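Since the structure comes first, as C-alpha cells, the remarks are kept for the end.
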Amino acid sequence: NAGVTQTPKFQVLKTGQSMTLQCAQDMNHNSMYWYRQDPGMGLRLIYYSASEGTTDKGEVPNGYNVSRLNKREFSLRLESAAPSQTSVYFCASSEAGQARYGYTFGSGTRLTVV
Amino acid sequence: RKEVEQDPGPFNVPEGATVAFNCTYSNSASQSFFWYRQDCRKEPKLLMSVYSSGNEDGRFTAQLNRASQYISLLIRDSKLSDSATYLCVVGGYNKLIFGAGTRLAVHP
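Protein chains in written order, with this note's numbering: chain A, 184 to 297; chain B, 62 to 169.
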C-alpha cells in the first residue's frame, strides 16, 4: 500500500548510543517532517524538509540531525541518545510545503533510552 | 501559551450522544485547519479539513471562527468506534501545529 514507511517500529538504546530512524514515502510528496509525541504534550516538530535538498529546524531540534537523502527518504539521527529522548517518533509527508492538504503519517517508532 | 489549545478530556459519553470539542489557536496568520483522529498507539489520521463556511462529513461537523481563533468539532450519534483522541491541527507556512488532543470514550 502507498504511504509512509518508518523503520524500526521499536528500539531500545542505552544512553550515549547513536541510531538513525528511517522514513520513506512513495506518494511523490515534496515535504517531509519528523515529530515526537510524548504524553500530554501532543506532537512536537523536530525537523522538516519543505523540499528535496532543504531542511529546517522545528520546535525541538536539539539532540537530533536529519538528512533528506532524496525526494522519498528523510532520516532522523540521534548522535548520543539521552533518556529525555524516550518518545514515539512519527514521520509525515505532504504534497506541498504550505501544508494545506494535511499530512500522511507513518506508523511510528517507539524509542526507549535507558 | 501553547499555539493550539484543547481540553484534554476525557469526554465519557453513551452511544448515540452528541459531543462537541473545541480548540483555540494563537496565530492569527494561520492558513489551514484540520481535525485528526488518533487511536491508542497508532499514528494520527486526517479526519477532516475545516473551512470558514463550516463543513460536514456524515456525523461529523467542523466549524472555524477566524475572528475568535476558535475551531470546533461536533460528533452526532456517537458510536463505540468513535472512541479515540481527536487532535486539533493548525497550519502555517510549511508546517502544521498539533494540539495535545481531546480524548473521547464512548460507552454502551
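Beta carbons: idealized from backbone N, C-alpha and C, even for Gly. Bear in mind that the values here come from a model prediction, so they are computed numbers and not experimental data.
Taking only beta-carbon atoms, is residue i less than 8 Å away from chain B?
i        : result
Ala185/A : no
Tyr231/A : yes
Gly246/A : no
Gly225/A : yes
Phe193/A : no
Gly236/A : no
Sort the options by Cα distance to residue i and report the nearest one.
i        : options                                : result
Thr317/A : Thr198/A, Ala207/A, Ser201/A           : This structure cannot speak to residue 317/A, because chain A is shown only from 184 to 297.
Ser232/A : Gln194/A, Tyr216/A, Ser263/A           : Tyr216/A
Leu134/B : Lys103/B, Leu157/B, Arg164/B           : Arg164/B
Ala128/B : Glu64/B, Gln67/B, Phe72/B, Ser87/B     : Ser87/B
Ala185/A : Ser234/A, Asn253/A, Gly289/A, Phe193/A : Gly289/A
Asp221/A : Ser139/B, Glu76/B, Gly162/B, Pro75/B   : Gly162/B
Find the residues of chain B that neighbour residue i, judging by a C-beta separation of less than 8 Å, and give them in chain order.
i        : result
Ser270/A : By Cβ distance, chain B contributes nothing, its closest Cβ being about 13 Å from Ser270/A, past 8 Å.
Phe288/A : Glu104, Pro105, Lys106
Phe257/A : Simply none; closest approach about 14 Å.
Taking residue i as the query, report the chain B residues whose CB atoms sit under 9 Å from its CB, ordered along the chain.
i        : result
Leu228/A : Lys156, Leu157, Ile158, Phe159
Which residues of chain B have a Cβ atom closer than 7 Å to the Cβ of residue i, listed in chain order?
i        : result
Met215/A : Here the premise fails: no neighbours, minimum Cβ distance about 11 Å.
Could you tell me if the beta carbon of residue i falls within a distance shorter than 7 Å of some heavy atom in the ligand SAM?
i        : result
Gly246/A : In the structure shown, the ligand SAM is absent, as is every other ligand, since no ligand is present at all.
Closer than 8 Å, CB to CB, is residue i near chain A or not?
i       : result
Phe95/B : yes
For residue i, which residues in chain A fall below 7 Å Cβ to Cβ?
i        : result
Gly162/B : Gly225
Worksheet item: Counting Cβ pairs, one atom from each stretch, are 3 or more of them under 8 Å apart for the stretch 150-168 of chain B and the stretch 85-93 of chain B?
Response: Counting Cβ pairs under 8 Å, three or more are found: they touch.
Fill in: Stretch-stretch touch, CB-based, cutoff 8 Å, three pairs: the stretch 211-225 of chain A with the stretch 266-280 of chain A
Result yes; three or more Cβ-Cβ pairs closer than 8 Å.
Worksheet item: On the three-pair Cβ rule with 8 Å, is the stretch 103-116 of chain B touching the stretch 62-79 of chain B?
Response: They do not touch, by the three-pair rule.
Discussion item. Report the start-end ranges of each beta strand (DSSP E) in the stretch 219-289 of chain A that is 3 residues or longer and not cut off at the edges.
Written reply: Within the stretch 219-289 of chain A, the complete beta strand (DSSP E) runs of at least 3 residues are 225-232, 247-251, 257-261, 270-277.
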